[in-house]
Amino acid sequence: MVSQLRMYQAKDGELEAFIREWTSGVLPLRRKFGFTVEGAWAIPETGEFIWIISYDGPEGFEARDAAYYASPERKALTPDPARHLAHTDTRLMTSVLP
Numbered sequence: 002m003v004s005q006l007r008m009y010q011a012k013d014g015e016l017e018a019f020i021r022e023w024t025s026g027v028l029p030l031r032r033k034f035g036f037t038v039e040g041a042w043a044i045p046e047t048g049e050f051i052w053i054i055s056y057d058g059p060e061g062f063e064a065r066d067a068a069y070y071a072s073p074e075r076k077a078l079t080p081d082p083a084r085h086l087a088h089t090d091t092r093l094m095t096s097v098l099p
């Protein structure tokens, strides 16, 4: 299984708005597309939002992620919650645990 660490920096004062829109739009849509949300955390003092998603389907993480972003459902998330973000960093990870 491949997982992805996603680290976001919200624009000043916009973390709560991002979390509301992420929870109501992005989270259920990611699950609909077969992703597992391993966890999501906020650091209010610094405006950071961190989450980990995984995908274990036949087409692989990157292909499924591309399908998610290309989907009409994702394009319909208007306004886009990403407008609240100043910076994003994503990293694919594989577990080393037996």
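Residue numbering for the sequence shown follows the working numbering, beginning at 2 and increasing consecutively.
Ideal Cβ positions, reconstructed from N, Cα and C, are used throughout, including at glycine.
DSSP places residue 79 outside both helix and strand once states are collapsed to three, so it counts as coil. Around the beta carbon of residue 16, 16 or more other beta carbons lie within 10 angstroms, which makes this residue buried. Between residue 53 and residue 44, the CB-CB gap reaches or exceeds 9 Å. For residue 26, the secondary structure class from DSSP, reduced to helix, strand or coil, is helix. Remark: C-beta atoms of residue 7 and residue 79 do not approach each other more closely than 9 Å. Under DSSP, residue 88 takes part in a beta bridge, and its partners are 10.
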